[in-house]
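A.B. asks: Numbering (mature numbering (1 follows the signal peptide of the UniProt record, and there is no 0)), first residue to last: -21 to -1, 1 to 429. Where a beta carbon is used, it is the ideal one built from N, C-alpha and C, also for glycine. Before I ask anything, here is the structure I am working with.
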């Protein structure tokens, strides 16, 4: 008997596989892109991988001095932090207050001017990596297993090619799916796949389909000057798009609860909502404020990581609308206290949350989906208008325009989604069920390294 047991133990030991964690180099990024990436990196650390993040000397959101479970590899850049902040402020001002009062030609000129400046800054930051012999020598010596990057800031593909390691992208979108289509070879028929940022849905009539085709073509021309021109890298003629096309896996920060039907390839994986977690307990005074709402519940209002406040006029308009609600309101706001602020409003995910007023960022939308809370969207810039069109098309949100909404329209929109019989509340419950029914651990498996 003892001999047989010994044989079983020996066979079990022989069958056991051992694996070592990988060494992962992470490309620098900014804003909500960094906020979304950190949970992925923590998951990788949990699974035994060694994670090192490249961090520039000037960064608006990345901070190497904060407590972290992964390592940082700093490098110097010639772009002053003030220039980056000024450009972001210019972009926010243009997107929030100016664009609705411009014609298409004026929008194109302004947008291209901002894009050129942003590209110049991005290339200077890239120089801090690839033109630093000391840093590149150190990175090569480390023998990383792969480079993990959000392609928002360019150069990760070039660096991966120079280091001779695999590349994994994590992104929400590119304009009109340009990177995915032209570089990743992902099909996107304009007859039924609306281009990102077009504000179209998958239910298009003939004129909308025609506009969708033009939108694809125009964006391809605009971005073609940057991504498709040949240049020499290590003596070999190539383009930024060809380098991006070498990415082994593309992790898309959406899911079928968000996106419209479209073709996909095996190396494109959905990871939308991977950052979502159960709500943490509130501070005592905040919890007392929430519980005092009774059956009416609360409304949560935030404009994301990049917008701290709005103009005084808009703040008073919003505060006046919130003051007319029976719910208590938690509002994340850093500006001067609005004169019309009601006693039901505190300047700040809770089970009592009845509605979420959001700018439409992907991270915030998935938090709302995770907790099953209907939304009122006040989109500001970038992918936010398109994101809210997706949610409105699925019946989980109502959209308000920052420049044209009134106190009455905002109040009525909030009341509409809070109503238990409203389509938004019912559809958001359905989306929540779909979100939780599909095991989110399978999304974390998408970032696992074997």
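1) For the beta strand (DSSP E) containing residue 53, list its first residue and its last residue.
2) Should residue 378 and residue 371 be called a contact, given that it needs their Cβ atoms to be closer than 8 Å?
3) Which residue from 268, 182, 190, 222 puts its Cα closest to that of residue 164?
4) With DSSP as the reference, label residue 422 as helix, strand or coil.
5) With DSSP collapsed to three states, give me the class of residue 247.
6) What are the start and end residues of each continuous alpha helix (DSSP H) run of 4 or more residues lying completely inside the segment 67 to 124, in chain order?
7) For the alpha helix (DSSP H) holding residue 13, just list the boundary residues, first then last.
8) If you follow the beta strand (DSSP E) that residue 240 is in, where does it begin and where does it stop?
9) Between the alpha carbons of residue 389 and residue 297, how many angstroms are there, rounded?
10) Starting from residue 161, follow its DSSP beta bridges and name the residues at the other end.
11) Starting from residue 343, trace the alpha helix (DSSP H) in both directions and tell me its first and last residue.
12) Identify whether residue 462 lies in helix, strand or coil by the three-state DSSP scheme.
13) Does the beta-carbon distance from residue 281 to residue 319 come in below 8 Å?
14) Using only CA atoms, which one of 100, 181, 152 lies nearest to residue 12?
15) Return helix, strand or coil for residue 430, following the three-state DSSP convention.
16) Does the segment 97 to 117 come close enough to the segment 74 to 82 to have 3 or more Cβ pairs within less than 8 Å?
17) How many Å lie between residue 3 and residue 141 at the Cα?
18) With the cut-off set at 8 Å, would you say residue 228 and residue 147 are in Cβ contact?
19) Bridge partners of residue 63, per DSSP?
20) Smallest Cα separation from residue 392: which of 299, 354, 107?
21) If you follow the alpha helix (DSSP H) that residue 269 is in, where does it begin and where does it stop?
22) Nearest to residue 26 by CA position, among 34, 49, 374, 40, is which residue?
23) So the beta strand (DSSP E) residue 373 belongs to, where does it begin and stop?
24) Which of the three DSSP states, helix, strand or coil, is assigned to residue 301?
25) By a C-beta neighbour count over all protein chains shown, 10 Å radius and 16 as the cutoff for buried, is residue 418 buried or exposed?
C.D. replies: In this structure, then:
1) By one-based count along the chain shown, residue 53 stands at place 74. It spans 50 to 54 - the beta strand (DSSP E) in which residue 53 sits, taken as one unbroken run.
2) Sequence index remark: in the chain shown, residue 378 carries index 399 (1-based). Sequence index remark: in the chain shown, residue 371 carries index 392 (1-based). Yes. Within cutoff.
3) Locating residue 164 in the chain shown gives position 185, where the first residue counts as 1. For the residues 268, 182, 190, 222, the minimum Cα distance to residue 164 belongs to 222.
4) Numbered from its first residue, the chain shown carries residue 422 at position 443. The pLDDT assigned to residue 422 is 49, lower than 50, so where the model puts this residue is not dependable; a value taken from the coordinates is nonetheless given after this. Correct three-state label for residue 422: helix.
5) Taking the first residue of the chain shown as position 1, residue 247 is located at position 268. Note: residue 247 maps to strand in three-state DSSP.
6) 83 to 109, 112 to 121
7) For this step, residue 13 is matched to residue 34 along the chain shown. Where residue 13 is concerned, the enclosing alpha helix (DSSP H) stretches over 10 to 25.
8) Counting from 1 along the chain shown, the entry for residue 240 is found at position 261. It is not in any beta strand (DSSP E) - residue 240 carries neither H nor E in the DSSP assignment.
9) In the chain shown, the residue the question calls residue 389 occupies position 410. In the chain shown, the residue the question calls residue 297 occupies position 318. Computed Cα separation, rounded: 7 Å.
10) For the purposes of this step, residue 161 is taken as the residue at position 182 of the chain shown. Note: residue 161 sits in no beta bridge, so no partner.
11) Walking along the chain shown from the start, residue 343 turns up at place 364. Residues 341 to 350.
12) The structure shown does not extend to residue 462, since the chain is modelled only from -21 to 429, so the question has no answer here.
13) Within the chain shown, numbered from 1, the residue matching residue 281 stands at position 302. Within the chain shown, numbered from 1, the residue matching residue 319 stands at position 340. It is not a contact, given that the beta carbons lie outside the stated cut-off.
14) Against the chain shown, residue 12 aligns to sequence position 33. Nearest C-alpha to residue 12: 152.
15) Nothing about residue 430 can be reported from this structure: the residues present for the chain run from -21 to 429 only.
16) no
17) Mapped onto the chain shown, residue 3 falls at position 24. Mapped onto the chain shown, residue 141 falls at position 162. Those two C-alpha atoms are separated by around 15 Å.
18) On the chain shown, position 249 is the one that residue 228 refers to. On the chain shown, position 168 is the one that residue 147 refers to. A Cβ-Cβ contact shorter than 8 Å links residue 228 with residue 147.
19) As a working note, residue 63 is residue 84 in the chain shown. DSSP output for residue 63 lists no bridge partner at all.
20) Taking the chain shown and counting its residues from 1, one reaches residue 392 at position 413. With distances taken between Cα atoms, residue 392 lies closest to 354.
21) Position 290 of the chain shown holds residue 269. Counting along the chain, the alpha helix (DSSP H) containing residue 269 begins and ends at 263 to 270.
22) By one-based count along the chain shown, residue 26 stands at place 47. Of 34, 49, 374, 40, the residue nearest in Cα terms is 49.
23) As a first step, residue 373 must be located in the chain shown, where it is residue number 394. Here residue 373 belongs to no beta strand (DSSP E), and DSSP marks it neither H nor E.
24) Position 322 of the chain shown, counted from the first residue, corresponds to residue 301. Helix, per DSSP.
25) Here residue 418 refers to the residue found at position 439 when the chain shown is read from its first residue. In this predicted model, residue 418 has a pLDDT of only 45, less than 50, meaning its place in the structure is not dependable; the value taken from the coordinates is given anyway. Looking at its Cβ environment, which holds fewer than 16 other Cβ atoms inside 10 Å, residue 418 is exposed.
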